[in-house]
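A.B. asks: If you use this note's numbering, the sequence shown corresponds to residues 294 to 463, in order. C-beta: ideal position from N, C-alpha, C; glycine also. First the structure, which I've put down as structure tokens, then a few questions once you've had a look.
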Amino acid sequence: MKMSDTLETAFSAQITLEFRASIVYRQLAIEMEDMDLPGVAAWLRHQADEEIVHANKFIDHVSDRDNRPVIGTIEGPGTEPITSVQHCFELALQHEQKVSASIRELYRTAEAEGDLDSRPLLDWFLAEQIEEEATVDGIIGRLKLIDNDGPGLLRLDGELSRRPTASTEA
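Take a look at the structure:
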């Protein structure tokens with residue numbers, strides 16, 4: 294069933310935001326490479342790739358409904374200097390919270406439009422965002438415990454480098 298123009302526009306905005314999330318994570322990965330933390334950088338690059346998968350899920354949903362997904366203008370992540378690994382993940386959490394709020398608003402728009410067909414996808418994304426925020430928040434909690442301790446940061450770097458690549462949803 295074709296979605297309304299209002300919902301098509303809202304989905305396109307979410308697609309754009311998912312691509313922006315990928316760019317934000319990619320920039321954070323660059324910052325962590327500059328701090329000589331390749332494991333943290335690899336984790337962030339993997340997260341950037343996952344955001345593209347998320348954008349593609351939205352694109353496929355819109356296309357499958359005989360609508361036209363449109364990628365809007367993508368604002369760059371900015372050049373705010375990253376002062377620590379904890380700062381990096383705090384920025385990541387802020388962006389995840391923005392994505393979560395946007396998905397909740399998209400859900401509300403679908404509900405207002407009476408669009409039941411979007412529910413399964415949006416339910417999946419609501420659960421996914423809870424997981425995304427919890428994961429990043431957990432890393433922040435561990436970074437607070439480490440408190441910029443070199444050996445602790447190196448242990449966390451090694452741990453994050455072992456993120457399973459199969460975790461990116463196809």
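By DSSP, does Asp342 sit in helix, in strand, or in coil?
C.D. replies: The answer is helix: DSSP assigns Asp342 an H, G or I state.
A.B. asks: Using the C-alpha atoms, what's the distance from Glu383 back to Leu453?
C.D. replies: The straight-line gap from Cα to Cα measures roughly 16 Å.
A.B. asks: Apart from the five residues on each side of it in sequence, which residues of its chain come closer than 8 Å, Cβ to Cβ, to Asp329?
C.D. replies: None.
A.B. asks: Return the CA-CA distance between Gly445 and Asp298, expressed in angstroms with no decimal places.
C.D. replies: Distance between the alpha carbons of Gly445 and Asp298 is about 51 Å.
A.B. asks: For the alpha helix (DSSP H) containing Gly407, name the first residue and the last one.
C.D. replies: Note, Gly407: premise wrong, no alpha helix (DSSP H); not H, not E.
A.B. asks: I think Val333 touches Val378, with their Cβ atoms under 8 Å apart; what is that distance to the nearest whole Å?
C.D. replies: The pair is a contact, with the Cβ atoms about 6 Å apart (cut-off 8 Å).
A.B. asks: With a floor of 4 residues, list each alpha helix (DSSP H) that falls wholly inside the stretch 331-408, ordered by position along the chain.
C.D. replies: Runs found: 331-357, 378-405.
A.B. asks: Once DSSP output is grouped into helix, strand and coil, what is the label at Pro457?
C.D. replies: The answer is coil: DSSP assigns Pro457 none of H, G, I, E or B.
A.B. asks: Take Gln387 and list the residues in its own chain whose beta-carbon comes closer than 7 Å to its own, dropping the five residues that flank it on each side.
C.D. replies: Closer than 7 Å at the Cβ level, and outside the excluded window around Gln387, lies no residue.
A.B. asks: When you compare only the Cα positions, how much space is there between Trp336 and Arg456?
C.D. replies: Distance between the alpha carbons of Trp336 and Arg456: 6 Å.
A.B. asks: Taking its Cβ as the centre, do 16 or more other Cβ atoms sit within 10 Å of Arg313, making it buried, or is it exposed?
C.D. replies: Buried, by the Cβ-count rule.
A.B. asks: Starting from the C-beta of Arg338, find all residues in its chain whose C-beta is less than 6 Å away, skip the five residues before and the five after it, and write them out in chain order.
C.D. replies: Same-chain partners within the cutoff: Ala322.
A.B. asks: So what's Ser411 in DSSP terms, helix, strand or just coil?
C.D. replies: Ser411: helix per DSSP, three-state reduction.
A.B. asks: Please state whether the Cβ-Cβ distance between Lys437 and Arg358 is less than 8 Å.
C.D. replies: Not in contact: Lys437 and Arg358 (Cβ atoms no closer than 8 Å).
A.B. asks: Between which two residues does the alpha helix (DSSP H) containing Met325 stretch?
C.D. replies: That run of the alpha helix (DSSP H) goes 298-327.
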